[in-house]
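Reviewing the structure listed below.
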Amino acid sequence: AVEIRLASRPEGWPTTDNFDIVEAPVPEPGPGQLLVRNKVMSVDPYMRGRMSAAKSYVAPFEIGQPLDGGAVGEVVRSNSDDFSPGQSVLHSLGWREYAVVDATQATAVSSEFPPSAFLGVLGMPGMTAYVGLMDKARFQQGDTVFVSGAAGAVGSLVGQLAKLGGAERVIGSAGSPEKVRLLTERFGFDAAFNYKDAPVGEQLRAAAPNGIDVYFDNVGGDHLEAAIGSMNDFGRIAACGAISQYNATEAQPGPRNMFQFVTKRLSMQGFIVNDNTHLKRDFFEHVAPLVREGRISYEETSVDGIRKAPEAFLGVLRGDNTGKMLVNIA
Ligand code: NDP
Numbered sequence: 014a015v016e017i018r019l020a021s022r023p024e025g026w027p028t029t030d031n032f033d034i035v036e037a038p039v040p041e042p043g044p045g046q047l048l049v050r051n052k053v054m055s056v057d058p059y060m061r062g063r064m065s066a067a068k069s070y071v072a073p074f075e076i077g078q079p080l081d082g083g084a085v086g087e088v089v090r091s092n093s094d095d096f097s098p099g100q101s102v103l104h105s106l107g108w109r110e111y112a113v114v115d116a117t118q119a120t121a122v123s124s125e126f127p128p129s130a131f132l133g134v135l136g137m138p139g140m141t142a143y144v145g146l147m148d149k150a151r152f153q154q155g156d157t158v159f160v161s162g163a164a165g166a167v168g169s170l171v172g173q174l175a176k177l178g179g180a181e182r183v184i185g186s187a188g189s190p191e192k193v194r195l196l197t198e199r200f201g202f203d204a205a206f207n208y209k210d211a212p213v214g215e216q217l218r219a220a221a222p223n224g225i226d227v228y229f230d231n232v233g234g235d236h237l238e239a240a241i242g243s244m245n246d247f248g249r250i251a252a253c254g255a256i257s258q259y260n261a262t263e264a265q266p267g268p269r270n271m272f273q274f275v276t277k278r279l280s281m282q283g284f285i286v287n288d289n290t291h292l293k294r295d296f297f298e299h300v301a302p303l304v305r306e307g308r309i310s311y312e313e314t315s316v317d318g319i320r321k322a323p324e325a326f327l328g329v330l331r332g333d334n335t336g337k338m339l340v341n342i343a
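Following the UniProt record's numbering, the numbering of the sequence shown begins with 14 at its first residue and continues without gaps.
Written out as structure tokens, the structure is:
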């Protein structure tokens, strides 16, 4: 069975040379464990951080060891009373065809939604959008909301949740004309722009002439500086990610307009989704019906075959994906 290991740690942009594609024996489940045949796995921006040795909120991947991350698969053998063969489970041992998963670390997923939904709109990225917007940015009806990375897994849900929640205006930025069109035509954003076309600050001022109350930051850098510049008094920023900096080899310049935090009485809350399990139920009860009713839509981009997983991961960093980036394994 194929598994993908970290071959070396990247300096700057990763390449496929940083990964090893290896044939390994199908592992044996021990007591209380499941053997799972993975069907679909997630590649996520945070995995770039785990390729580095630097201390962070989640342990680094180890050289010579398989990578891991969200996956949904089918139980083929079960040494637990809680699961039986044939069941679909969500777990965190992706990057391999077969995983041995502790039953306590597996979550049964309903067949009401496609398995991939539990890696995207109804999974970790969806929860990130919900927690960041509702809890960290304290979104309120009537807010004007700006989200960067808006055509991605997290961003596309942020915009839709804001719109459905009664936002005055929702603005998104993304990196291609196709994505920008999708934001207004499919996801219901009021305005969208391509950050590669002209300075972000300029484009944001044009899209939000009355300023913004909430900024959901997926990108950092010039996007963050632009958002601070367009913030209204008492504006709130959810600091979710800074993907423009994940491959940087030296410290990046900070926003030059930080004094506006004082003059405009702004606040900014960084967060890690996994610290917010107390909101998981709220999230699912809020979002699952909207997905079921078709009031929230979501996009996926996928590659076929586990051997393509490194390419898919590099693709997320480059912006090849619209919506959630996935690898179909079986
Ligand atoms: P996405 O589906 O949004 O994929 C990443 C996107 O980032 C790409 O498609 C690309 O789109 C965009 N991008 C890449 N480079 C740049 C750049 N230099 N400037 C602007 N945009 C860029 O990923 P996710 O939805 O999974 O994650 C979105 C963000 O949320 C990331 O920053 C991630 O790290 C963060 N995150 C944080 C979590 C938390 O707990 N705090 C949990 C999950 C995600 P484009 O074509 O538009 O450039």
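Backbone N, C-alpha and C fix where the C-beta goes; we use that ideal spot for every residue, glycine too.
Being a predicted model, the structure only gives us computed values, none of them experimental.
CA-CA distance, Val102 and Gly86?
-> In the sequence shown, counting from the first residue as 1, residue 102 sits at position 89. In the sequence shown, counting from the first residue as 1, residue 86 sits at position 73. In a straight line, the C-alpha of Val102 is about 6 Å away from that of Gly86.
The ligand FMN heavy atoms versus the CB of Asp210: any closer than 7 Å?
-> Among the ligands present in this structure, namely the ligand NDP, the ligand FMN is not found.
Do you know how far the Cα of Arg50 is from the Cα of Gly107?
-> By one-based count along the sequence shown, residue 107 stands at place 94. By one-based count along the sequence shown, residue 50 stands at place 37. Cα to Cα, the separation comes out at about 10 Å.
Specify the secondary structure class of Lys337 as computed by DSSP and reduced to three states.
-> Indexing the sequence shown from 1 puts residue 337 at position 324. Here Lys337 sits in strand by DSSP.
In this structure, does DSSP put Val232 in helix, strand or coil?
-> Residue 232 sits at position 219 when you count from the first residue of the sequence shown. Residue state, collapsed to three classes: coil.
Under the three-state reduction of DSSP, which class applies to Leu106: helix, strand or coil?
-> The count along the sequence shown starts at 1 and reaches residue 106 at position 93. Strand, per DSSP.
Apart from the five residues just before and just after Asp115, which ones in its own chain have a Cβ nearer than 7 Å to its Cβ?
-> The residue labelled residue 115 in the question sits at position 102 within the sequence shown. Excluding residues within five positions, the ones whose Cβ falls inside 7 Å are Gly45 and Gln46.
Identify which residue in Phe326, Phe202 and Glu298 has its Cα closest to the Cα of Gly168.
-> Within the sequence shown, the letter at position 155 stands for residue 168. For the residues Phe326, Phe202 and Glu298, the minimum Cα distance to Gly168 belongs to Phe202.
Residues near Leu132 in its chain [Cβ-Cβ closer than 7 Å; skip 5 each side] = Locating residue 132 in the sequence shown gives position 119, counting from the first residue. Closer than 7 Å at the Cβ level, and outside the excluded window around Leu132, lie Val53, Ser55, Gly83, Val85, Lys337 and Leu339.
Run of the alpha helix (DSSP H) containing Lys277, from where it starts to where it stops = Looking up residue 277 in the sequence shown gives position 264. First-last for Lys277: undefined, no H or E at that position.
Sequence-distant residues of the same chain with beta carbon closer than 6 Å to residue 357, five excluded per side = Any question about residue 357 goes unanswered here, given that the chain covers just 14 to 343.
So what does DSSP say about Phe326, is it helix, strand or coil?
-> Residue numbering aside, residue 326 sits at position 313 when the sequence shown is read from its first letter. Helix.
Assign Thr29 to one of three DSSP states: helix, strand, or coil.
-> What you label residue 29 is simply residue 16 of the sequence shown in a count that begins at 1. Reduced to three states, the DSSP call for Thr29 is helix.
Would you call the CB atoms of Phe229 and Val144 closer than 8 Å?
-> As a working mapping, residue 229 is identified with position 216 in the sequence shown. As a working mapping, residue 144 is identified with position 131 in the sequence shown. No; because the gap between Cβ atoms is not below 8 Å, this pair is not in contact.
Nearest candidate by alpha-carbon position, reference Asn223, set Phe159, Thr276 and Arg194 = Residue numbering aside, residue 223 sits at position 210 when the sequence shown is read from its first letter. Checked all of Phe159, Thr276 and Arg194; the closest Cα to Asn223 is Phe159.
If you measure from the CB of Tyr59, is any heavy atom of the ligand NDP nearer than 7 Å?
-> Here residue 59 is taken as the residue at index 46 of the sequence shown, counted from 1. Indeed, a heavy atom of the ligand NDP lies less than 7 Å from the Cβ.
Mind checking which residues open and close the beta strand (DSSP E) that includes Tyr111?
-> Against the sequence shown, residue 111 aligns to sequence position 98. Per DSSP, Tyr111 belongs to the beta strand (DSSP E) from Tyr111 to Asp115.
Alpha-carbon spacing of Thr262 relative to Gly25, whole angstroms | Numbered from 1 along the sequence shown, position 249 holds the residue referred to as residue 262. Numbered from 1 along the sequence shown, position 12 holds the residue referred to as residue 25. Roughly 5 Å separates the two Cα atoms.
Per DSSP, what kind of secondary structure is Ala239 in: helix, strand or coil?
-> By 1-based counting over the sequence shown, the position of residue 239 is 226. If DSSP states are grouped into helix, strand and coil, Ala239 belongs with the helices.
Just the C-alpha distance for residue 383 and Gln258, rounded to the nearest angstrom, thanks.
-> Missing from the structure shown is residue 383; the chain here goes from 14 to 343 and no further.
Beta carbon of Ile256 nearer than 8 Å to that of Pro58 | Looking up residue 256 in the sequence shown gives position 243. Looking up residue 58 in the sequence shown gives position 45. Yes, they are a contact pair.
As assigned by DSSP and simplified to three states, the class of Phe159 | Position 146 of the sequence shown, counted from the start, is the residue given in the question as residue 159. It is a strand residue.
Measure the C-alpha to C-alpha separation of Asn287 and Pro212 and round it to an integer number of angstroms.
-> Translated into positions along the sequence shown, residue 287 becomes position 274. Translated into positions along the sequence shown, residue 212 becomes position 199. So the alpha carbons of these two residues sit roughly 34 Å apart.
If you run the structure through DSSP and keep just helix, strand and coil, what is residue 348?
-> What the structure shows of the chain is the stretch from 14 to 343, and residue 348 is not part of that stretch, so it cannot be assessed.
May I ask you to list the residues that DSSP assigns as paired with Gln46?
-> Walking along the sequence shown from the start, residue 46 turns up at place 33. Beta-bridge pairing links Gln46 to Asp115.
Apart from the five residues on each side of it in sequence, which residues of its chain come closer than 8 Å, Cβ to Cβ, to Asn271?
-> Here residue 271 refers to the residue found at position 258 of the sequence shown. Per the sequence presented here, residue 271 reads as Met, with Asn not at that position. If we look at Met271 and ignore the five residues flanking it on each side, its Cβ neighbours are Ile241.
Any heavy atom of the ligand NDP closer than 7 Å to the CB of Ala65?
-> Here residue 65 corresponds to residue number 52 of the sequence shown, with the count starting at 1. The question names Ala, but residue 65 is Ser in the sequence shown. Outside the cutoff, so no.
Just to check, is the beta-carbon of Val329 closer than 7 Å to a non-hydrogen atom of the ligand NDP?
-> Locating residue 329 in the sequence shown gives position 316, where the first residue counts as 1. Indeed, a heavy atom of the ligand NDP lies less than 7 Å from the Cβ.
Compute the Euclidean distance between the alpha carbons of Asp33 and Val122, then round it to the nearest angstrom.
-> In the sequence shown, counting from the first residue as 1, residue 33 sits at position 20. In the sequence shown, counting from the first residue as 1, residue 122 sits at position 109. Rounded to whole angstroms, Asp33 to Val122 spans 30 Å at the Cα level.
For Gly86, the first and last residue of its enclosing beta strand (DSSP E) = Numbered from 1 along the sequence shown, position 73 holds the residue referred to as residue 86. It spans Ala84 to Ser91 - the beta strand (DSSP E) in which Gly86 sits, taken as one unbroken run.
Report yes if the C-beta of Ala72 is less than 7 Å from at least one heavy atom of the ligand NDP; otherwise report no.
-> Position 59 of the sequence shown, counted from the start, is the residue given in the question as residue 72. Outside the cutoff, so no.
Just curious, the beta strand (DSSP E) that Glu16 is in, first and last residue?
-> By 1-based counting over the sequence shown, the position of residue 16 is 3. Start and end: Val15 to Leu19.
Does the Cβ-Cβ distance between Val329 and Gly139 come in under 8 Å?
-> For the purposes of this step, residue 329 is taken as the residue at position 316 of the sequence shown. For the purposes of this step, residue 139 is taken as the residue at position 126 of the sequence shown. Their beta carbons are not under 8 Å apart, which means Val329 does not touch Gly139 by this criterion.
Is Lys277 near the ligand NDP, with its Cβ less than 7 Å from a heavy atom?
-> Start at 1 with the first residue of the sequence shown, and residue 277 comes out as number 264. No.
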